Amino acid sequence: MTIARKPSAALVVDTNIVLSMVLGFRLRGIWDRVATRRRLLFSVESVAELMAVIWHLRDRAPDAEHDAKIVLRLIEVPPEARYRMSLVPAADALRNAPASRNGSVADAHILALAWAYEADIWSHDRDFAGTGWPSWSSANLAAALSAEAAASAANP
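Per the numbering used here, the sequence shown runs over residues 14 to 169.
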């Protein structure tokens, strides 16, 4: 399998990835592979979003808050000031992206953070397609990291 592009050294992780991890939706193996090979970034807004969703699920997933706090210790959360100046242009890019077809700019903080760190995005949302910025699904990211590891092993 040939991967046209390697994932960047840092990845901005969307809330849906962390939420899937916390709720145990079969991401732990992929998470471990990614976390050992890449710097993981999470926006301040994503932390708030994650904790709000977990609060609403507290009766159905009583361990989720504890698990989220453990996962958050493994992710770097840069200050919002690092990407604040890019929030409006990021919102414009999302508004103009055709992929989600809903004009939502709710994830502008993720795109702005990605721009600030020249980091790809790890997400299951379609919103980032059409913004001109690379994003990876879990399956494609896992495949790219496997190909990268195989290439490294073949050329020590």
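Even for Gly, the Cβ is constructed at its ideal location relative to N, Cα and C. These numbers were taken from a predicted model, which means no experiment stands behind them.
Item: What separation, rounded to the nearest whole angstrom, lies between the Cα atoms of Met-14 and Arg-51?; Value: Unreliable placement is indicated for Met-14, whose pLDDT of 49 sits below 50; the coordinate value is still reported in the next sentence. Each residue's alpha carbon lies about 21 Å from the other.
Item: I'd like to know if the stretch 69 to 83 and the stretch 113 to 132 are in contact, where contact means that at least 3 CB-CB pairs between them fall below 8 Å.; Value: no
Item: Just to confirm, are Ala-23 and Leu-54 a CB contact at a threshold of 7 Å?; Value: yes
Item: Please work out which residues of its chain come closer than 8 Å, Cβ to Cβ, to Asp-72, disregarding the five sequence neighbours upstream and downstream, and give them in chain order.; Value: none
Item: By the DSSP assignment, the alpha helix (DSSP H) with Trp-128 in it spans what residues?; Value: 121 to 130
Item: Please state if the CB of Val-84 and the CB of Val-25 are separated by a distance shorter than 7 Å.; Value: no
Item: How many Å lie between Gly-143 and Leu-107 at the Cα?; Value: 8 Å
Item: Using only CA atoms, which one of Leu-87, Asp-45, Ala-94 lies nearest to Leu-158?; Value: Asp-45
Item: For Pro-20, count neighbouring Cβ atoms within 10 angstroms of its own Cβ and tell me buried if that reaches 16, exposed if not.; Value: buried
Item: Write down the C-beta distance between Trp-128 and Ser-99 rounded to the nearest angstrom, noting that I regard them as a contact closer than 8 Å.; Value: 5 Å
Item: Any idea what DSSP makes of Arg-52, helix, strand or coil?; Value: strand
Item: Between which two residues does the beta strand (DSSP E) carrying Ala-61 extend?; Value: Run containing Ala-61: none in the beta strand (DSSP E); it sits in the alpha helix (DSSP H), 57 to 69.
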